[in-house]
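Asks: Numbering (my numbering), first residue to last: 62 to 381.
This structure is in structure tokens; I'll ask about it shortly.
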């Protein structure tokens, strides 16, 4: 069994996707018998293997480990900003790729963004969530969720804007769960809430509250511009909640090319049309649900644990 340094750029206090991924992976690896230290920055203590999340933000730790232990395995998991921005323009992120003995992407389209010579080093590890028990959904309103902090990469107000184009008789209510990461975002959210009566913002809430809302929701919207493989999609599918998603590689890699619930990035009118169809067309809603249930099989905890452990096990015989 190995001593593993797990590096995440965000600590527990942030409660974002990177932190939740690090917490799950740490648990999966410990259950396999490994010793895991989870850190925001590597403390320099000896480890048989480093597993780092985020090429650019974790670069200092990646470089330090690679220079001190050049023959010991270094695994790098790429986030959305890594895949769809940083590795194309940031030298630190590009150097991190070359240091890595294995690269982990969180959905099947991630490898498309990598230089061809790195494809053989790359493994797909879908994120996961345990089953979330359904509670009876209210007939009215038709509850739609958006989950995530208010960040530019998430295009967080697209669903709010879409509510302005819903038919007058629609019973849809969109609830956004997630904190504002800037005063400007908070001010925009407060203004939108005042002008768009079908949209409400509950701010930063505990994870258990997110799961309670999911257990009763009819639909979730993810409108991201950049996404590496959103864990909120895993949680929605775990709660048997279909998704309407922006058509961009990170979402397509999670939900599949033939998923019927895509809208063009930034297109609130098309999103409004899909929302209305989901509310009023039982066949369309059933198609969303059927496709979501098929993809759910890729995102169960036992699948994520197995794929991650296999990536680590490739190096167990000779840590260096």
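Glycine included, C-beta positions come from ideal geometry on N, C-alpha and C.
Considering only C-alpha positions, which residue in the set 212, 353, 267, 228 is nearest to residue 241?
Replies: 212
Asks: Would you check if the distance between the CB atom of residue 67 and the CB atom of residue 99 is smaller than 8 Å?
Replies: yes
Asks: Tell me, please, whether the CB atom of residue 123 is closer than 8 Å to any CB atom in chain C?
Replies: No chain C appears in the structure shown, which is made up of a single protein chain.
Asks: Would you report the Cα separation of residue 228 and residue 334, rounded to the nearest angstrom?
Replies: 9 Å
Asks: Sorted by chain position, which residues of the same chain lie with C-beta nearer than 6 Å to residue 141's C-beta, five sequence neighbours on each side aside?
Replies: 287, 288, 289, 311
Asks: Would you mind sorting residue 70 into buried or exposed? The rule is 16 or more other CB atoms within 10 Å of its CB.
Replies: Looking at its Cβ environment, which holds 16 or more other Cβ atoms inside 10 Å, residue 70 is buried.
Asks: DSSP puts residue 111 in a beta bridge; with which residues?
Replies: 66, 135
Asks: Quick check on residue 379: buried or exposed, where buried means 16 or more other Cβ atoms within 10 Å of its Cβ?
Replies: With a pLDDT of only 48 at residue 379, under 50, the local geometry of the prediction cannot be trusted, and no value is derived from it.
Asks: Could you tell me the alpha carbon to alpha carbon distance between residue 373 and residue 322, rounded to whole angstroms?
Replies: Rounded to whole angstroms, residue 373 and residue 322 show a C-alpha spacing of 35 Å.
Asks: Would you kindly report the start and end of the unbroken alpha helix (DSSP H) that includes residue 315?
Replies: 310 to 316
Asks: State the Cα-Cα distance for the pair residue 224 and residue 170, rounded to the nearest angstrom.
Replies: 30 Å
Asks: Identify the continuous alpha helix (DSSP H) that holds residue 189 and give its terminal residues.
Replies: That residue, residue 189, is in no alpha helix (DSSP H); it is neither H nor E in DSSP.
Asks: Below 8 Å on the Cβ atoms is my guess for residue 165 versus residue 186; work out the distance and round it to an integer in Å.
Replies: Yes, they are in contact, since the Cβ atoms of residue 165 and residue 186 sit about 5 Å apart, within 8 Å.
Asks: Is residue 114 near residue 193, with beta carbons less than 8 Å apart?
Replies: no
Asks: On the DSSP letters alone, give me the boundaries of the alpha helix (DSSP H) that residue 246 sits inside.
Replies: 244 to 256
Asks: Write down the C-beta distance between residue 284 and residue 216 rounded to the nearest angstrom, noting that I regard them as a contact closer than 8 Å.
Replies: 5 Å
Asks: Provide the residue(s) that pair with residue 207 in DSSP beta bridges, ordered along the chain.
Replies: 237
Asks: Skipping 5 residues on each side, what residues in its chain have a beta carbon closer than 8 Å to that of residue 365?
Replies: 85, 89, 186, 187, 188, 189
Asks: Can you tell me which of the three DSSP states residue 230 falls into?
Replies: coil
Asks: Just list the alpha helix (DSSP H) runs in the segment 135 to 166, keeping only unbroken ones of 4 residues or longer that don't cross its boundaries, in chain order.
Replies: Those alpha helix (DSSP H) runs which fall completely within the segment 135 to 166 and span 4+ residues are 152 to 160.
Asks: Would residue 252 be called buried (16 or more neighbouring beta carbons within 10 Å of its own) or exposed?
Replies: exposed
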